[in-house]
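Per the UniProt record's numbering, the very first residue in the sequence shown carries number 1; after that it's consecutive. All C-beta atoms in this analysis are idealised placements derived from N, C-alpha and C, irrespective of residue type, glycine included. Report on the structure given below.
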Amino acid sequence: MDHREAAHQTPTTPTQPSPDAPAPAPLWESVDALYAWLDGHNRHTAHEALLLRMLKLSEEVGETAQAVIGAIGQNPRKGVTHTWDDVQSELCDVVITALVTLRTLTPDAEEVFASHLARVTTRSLAQ
Numbered sequence: 001m002d003h004r005e006a007a008h009q010t011p012t013t014p015t016q017p018s019p020d021a022p023a024p025a026p027l028w029e030s031v032d033a034l035y036a037w038l039d040g041h042n043r044h045t046a047h048e049a050l051l052l053r054m055l056k057l058s059e060e061v062g063e064t065a066q067a068v069i070g071a072i073g074q075n076p077r078k079g080v081t082h083t084w085d086d087v088q089s090e091l092c093d094v095v096i097t098a099l100v101t102l103r104t105l106t107p108d109a110e111e112v113f114a115s116h117l118a119r120v121t122t123r124s125l126a127q
């Protein structure tokens with residue numbers, strides 16, 4: 001399989017965690033812990049911290065785009081530089097960053113997200 005064929009291959013099996021890996025913490029517990037960790041290292045005003053976290057979200061989306069471009073070998077000078085597993089990891093970074101940013105905006109992030117997801121799901125599937 002050459003690099004052009006490899007660029008169009010997507011993972012066919014889900015990535016399995018290592019048997020030695022610790023069980024992940026519940027989603028919102030992890031989001032709260034990351035939020036607290038970031039706030040503990042924050043050297044900016046609350047307003048600046050929120051804006052910087054929103055900018056970080058744009059950075060993570062850009063890294064996802066870079067991984068997609070690398071996975072399909074779009075840049076002829078570089079060829080295939082990433083895998084679809086890299087794209088998955090970058091998408092996870094986008095989601096984590098978005099959830100932590102939402103938590104920065106409101107202490108009720110879990111409820112805000114659940115309510116919004118329910119509205120979007122109802123609206124989208126009501127056809």
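query, result
"Does the distance from the C-beta atom of Val87 to that of Val68 stay below 8 Å?", "yes"
"Report all residues from its chain with a CB closer than 6 Å to the CB of Ala109; omit the five preceding and five following residues, and keep chain order.", "Leu102 and Arg103"
"In chain order, which continuous runs of the alpha helix (DSSP H) of length 4 or greater are located wholly inside the segment 23–99?", "27–40 and 46–72"
"Here's a check: name, in chain order, each residue in its chain whose Cβ is nearer than 7 Å to the Cβ of Thr83, leaving out the five neighbours to either side.", "Ala71"
"In its own chain, which residues sit with a C-beta less than 7 Å from the C-beta of Met54, not counting the 5 before and 5 after it?", "Thr101"
"Note the first and the last residue of the continuous alpha helix (DSSP H) segment covering Ala114.", "Ala109 to Leu125"
"Have a look at Leu99 and Asn75 and give me their C-alpha separation to the nearest angstrom.", "32 Å"
"When you compare only the Cα positions, how much space is there between Gly79 and Gly73?", "4 Å"
"In angstroms with no decimal places, state the Cα-to-Cα distance between Glu48 and Asp39.", "12 Å"
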